[in-house]
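Counted from 1, the sequence shown has number 1191 at position 42 by our numbering; the numbering is strictly sequential. Beta carbons: idealized from backbone N, C-alpha and C, even for Gly. All of these numbers come straight from a predicted model, not from anything done at the bench. Here is the structure we will look at, set down as structure tokens.
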Amino acid sequence: MKSFEERLERLEQISNTIRTGDVELQEATKLFEEGIELAKGLEKELSAVEGKIEKLVKAPAGKDEPAVLDLFPELDNFTGEEE
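Right under this line is the structure:
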């Protein structure tokens, strides 16, 4: 399987090719289908990584230690999105 970065790069190539309109409809449709499959796989992988990170951040570091986010109250409202 290709790396996440390689698949993301391929998705970007597909997107650019379709946007330029330099391909026939049938080829654009095939590329679109490939792009959708890539996007679904990338989204699934990102969700899995996000879940792992969330568990790590919320879990206490030790028996009598607070969760990581408790140590950084300024991150309480962190969503990962830019405002």
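Would the beta-carbon of residue i fall within 7 Å of that of residue j?
i	j	result
leucine 1160	leucine 1187	yes
leucine 1157	isoleucine 1167	no
isoleucine 1163	glycine 1190	no
In three-state DSSP terms, what is residue i?
i	result
glycine 1170	coil
asparagine 1208	First, the residue type needs correcting, since residue 1208 is alanine and not asparagine in the sequence shown. Here alanine 1208 sits in coil by DSSP.
serine 1152	coil
glycine 1190	helix
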